[in-house]
Structures are given as C-alpha cells and as structure tokens.
Amino acid sequence: MKRIGNLFEKIYDYENLYASYLEARKGKRYRTEVMEFSANLDGNLIELQNELIWHTYKVGRYREFFVHDPKKRLIMALPFRDRIIQWSIYRQLNPLLEKRYINTSFGCRMKCAPIKGGPHSAVAKLQEYIRAQPGKAYILKMDISKYFYRVNHAIMMDLLRQTIKDEELLWLLGIIVNSEHDFGINIGDHDYCGERLHDVGMPIGNLSSQMLANFYLDGADKFAKHELGAKYYLRYMDDMTIVSTDKKYLAECRDAMYDFLLNERALLLNNKTSIRTETQGVDFCGFRIWRDHILLRKKTALKMKHRLKGIVKRFARGKANVEDFMKTYASYNGQMRHCDSYRLRTKLLSSICLQRKEVAGDEQKVNSGTDGGIDDDTVFLLCGNSAG
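FYI, the working numbering numbers position 233 of the sequence shown as 230, with every residue one higher than the one before it.
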C-alpha cells in the first residue's frame, strides 16, 4: 500500500479543529475547563492552529486516576485543549488506517469502517466461527500482558514511518508517543506502585491510544492470517482467538504468535492464553460463548445485581428515584439483549422492590416481583405508575 502523505495541513485546518472541538466536548460541555475554552473559542482554536503550524505544540500534563472494572487500571486524562488535538488527528488519520486492517479486527472501529466493529460484533463472529467447524471446535484464546502499558515507542515510530511519509505528521505523533510523561508499567506490577518506564506504554484514556493500539497489532493480524493460514482468526484490541478442529495446529499457532509478538512487537502473552474446547465455553469480551448459546460472564451478572440492589437502597433513603433505576436497567438490558438472558432478566427484576416509606405522607412502592415472566414493557409500566 502507498504511504500516507499530505495530511498535516488537513489536521490543523480550522474547520477540522472546530469539528474536533465539537467531538471532544460531547457529554462534557458544562465542565469548567470546557466552558473556559468555549468562552474564547475562536481565539483558542487559532492558538492551537498556530502551535501546530509552527511546531510549538506540547502535550499537556496528564491527570491520573484508577478505575476498578473489574480489575485495577491506571487511567491518564489530558486537558481539554489536548483532547481537541487528539480528535483532529483521529478524524483525518484513522479512516486511512482503517482501510488497511483485516475485516476481523473489531476493536475501536469507526462508523465509516468497512466492517461493523465493537465487542458484540466480535462475540457474534466468534460464535459463527465455532458453528462453522465440522467437528468438535477448539479455541485458542490469546491475551497480551499489560498491552497498553508495554507498547514499545521505538517500534511504534518505526511502524508509523513505514506507513506515513508526511514528516510534519510524524513530528506530531512523535511528541504524543514519546511524551515527557512516563506510561510504562513493569509486567507483574498489578498495583501500579513500581517505577514507571519511559520508553514503553501508552495512556489508557487517550483517543490516539485507541487508534495506535489497533495499528500496532495490525501486523500480528496479518501474520496470523497470511503466514499461519488461520482462516478463523479474529481480534478485539489485545484479545485474539483462532478456532479450529485441530488442537495440535492451534498449539503451533500459539507458539508462532508468541515468537512474533516477542520479537516483532516486544510483547508477551500472559497466563490467560489457553486452548479450550467449545464445550467449556469461551470467555471473550464479557461473554461466555458456546456453539448454541451465549451467556453473560458471571462477574458481569453479579455486578449488575449489586448495582441494582444499591439503587434500591438509595431509593429507600430518598437519594435515588425511579428514573435512576430505569437508566441503569436500560443500560444493562442493552447488554443482555446480545446474549441468552431471559432467566437472568427475570431473576434480576423479580426481586426488585422500590419502596420509600414516607413520600408526602404516603407510602410509595414499586414492586416488580411477579409469578410469571417479566418483559421490558412491564418494568416500564410499573416504574411509570410509581412516578406519580
């Protein structure tokens, strides 16, 4: 493929910066830093434009925090003005990179991508692969150890140079990849308390990190498809699977992928890498997948249960309302619709009783427990009745 060129001017174009501003502020327009930037929007965008034109732009200071979903992860967030720059690069560069990816790479794909990405598409494709096997299916599931925190900067920049010939764009990507902030984490440091590494790692939370993380493993995708001949291969970010009826072949693929990732990308497969049979079910993207059905992972179902119980308790204390419950349930229902979840939904909803002892002198109670099945219309009707 031809190398990408003549893109930097499109990135700092005012219209592109303004569209990037609109993307960056979605869901955040009333935050203090967003309102401060918006108060002098034209001046701030022109300032960003000039910093790019004259190569004086520097990446801002990252804000760090942890999330536990379910395991502990270190998140690094940029100031709002830097997120606009990230969007300006993403809007112009990522569509061109998307065209180079295989159709079974599902992580962080744009709406304009040739295929529909996302975890649900990846789960559906994996079940399709299992069903396509004429006999007992074996699934090689590979997972990279601390992927985002171990991406090698030198290898990343070499790959970018092989793909992009626009030197000004390479300059901009270089100051993002080789930031003064240290992102690298040692393998085995699960508490993120050890010494940070400067020459490896990308910040989880950056839009550019999503784009470059996909780009970094594109070579692994093509190695699996073209060199190993893995017809039933797919990847969702750093989770890779190959399906076959030949267990010995999958073991050979595992060893070959281990060598490729170590030698070509300086990455290691972790101890979650395994070969499983279809009868055991495959844990992938938050679901467990079999030939004839798909279930939510147990941890995910328990999390839903605990979250709904928490809302019930807050409702009883007057710190939540029916709308809070409905928003949470709607989110979980959207997740459950992608798997076989009738019994789970019935069990979750039949135990819910929203009750507040005193509301304007009267008792307010919404009980979703029934003897039979529960559908979504019933839940909305019950909660709607309680709102009055």
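Think of the CB as a built atom: it goes at the ideal place given N, C-alpha and C, for glycine as much as any other residue.
Note that this is a predicted model, so its numbers are computed, not measured.
Check, Outcome
"Spatially closest choice to residue 1 from 300, 161 and 91, by CA coordinates", "161"
"Beta-carbon proximity of residue 79 to residue 140, cut-off 8 Å", "no"
"N-terminal and C-terminal residue of the alpha helix (DSSP H) that residue 145 is part of", "144 to 147"
"Among 240, 321 and 341, nearest to residue 273 - alpha-carbon criterion", "240"
"CB contact flag (residue 305, residue 258, <8 Å)", "no"
"Exposure of residue 24, with buried meaning 16 or more beta-carbon neighbours within 10 Å", "exposed"
"Paired residues, beta bridge with residue 151 - DSSP", "DSSP output for residue 151 lists no bridge partner at all."
"Separation of residue 317 from residue 311, as counted between CA atoms", "5 Å"
"Residue closest to residue 102, alpha-carbon to alpha-carbon, out of 94, 114 and -2", "114"
"Proximity below 8 Å, CB of residue 341 to CB of residue 313", "no"
"Straight-line gap, residue 268 to residue 275 (C-alpha atoms, nearest Å)", "20 Å"
"Residue ranges of each beta strand (DSSP E) within the region 40 to 127, 3 or longer", "60 to 65 and 69 to 74"
"Residue 256: first and last residue of the uninterrupted alpha helix (DSSP H) it sits in", "244 to 262"
"Range of the contiguous alpha helix (DSSP H) that encloses residue 140", "From DSSP, residue 140 is part of no alpha helix (DSSP H) but of the beta strand (DSSP E) over 135 to 140."
"Local conformation of residue 356 per DSSP, three classes", "With a pLDDT of 48 at residue 356, under the threshold of 50, the predicted position of this residue should be treated as unreliable, and no value is reported."
"Backbone secondary structure at residue 348 - three-state DSSP", "coil"
"Euclidean distance between Cα positions of residue 325 and residue 220", "41 Å"
"Nearest neighbour of residue 332, chosen from 282, 137, 223 and 92 [CA to CA]", "282"
"Contact under 8 Å by Cβ, residue 308 with residue 336", "no"
"Own chain residues within Cβ distance below 7 Å of residue 356, not counting five before or after", "In this predicted model, residue 356 has a pLDDT of only 48, less than 50, meaning its place in the structure is not dependable; the value taken from the coordinates is given anyway. Closer than 7 Å at Cβ, skipping near neighbours: no residue."
"For residue 311, the three-state DSSP class (helix, strand or coil)", "helix"
"Inter-stretch contact (C-beta, 8 Å, three-pair minimum) for the region 141 to 156 and the region 193 to 210", "yes"
"Distance CB(residue 202)-CB(residue 36) smaller than 8 Å", "no"
"Beta-carbon proximity check, residue 169 vs residue 86, cutoff 8 Å", "yes"
"Exposure of residue 232, with buried meaning 16 or more beta-carbon neighbours within 10 Å", "buried"
"Beta-carbon proximity check, residue 12 vs residue 77, cutoff 8 Å", "no"
"Beta-carbon spacing of residue 91, residue 208 below 8 Å", "yes"
"Closest residue to residue 105 among 243, 215, 44 and 238 (Cα-Cα distance)", "215"
"Secondary structure of residue 176, DSSP reduced to three states", "coil"
"Continuous beta strand (DSSP E) stretch holding residue 237: start and end", "236 to 241"
"Nearest to residue 175 (by Cα), restricted to the options 56, 296 and 18", "56"
"Selected residue, minimal CA-CA separation from residue 49, among 266, 247 and 8", "8"
"Span separating the alpha-carbon of residue 16 from that of residue 300", "37 Å"
"CA-to-CA distance, residue 253 to residue 5, given in whole angstroms", "38 Å"
"Euclidean distance between Cα positions of residue 137 and residue 266", "12 Å"
"Terminal residues of the alpha helix (DSSP H) in which residue 273 lies", "Here residue 273 belongs to no alpha helix (DSSP H); instead the beta strand (DSSP E) covers 271 to 274."
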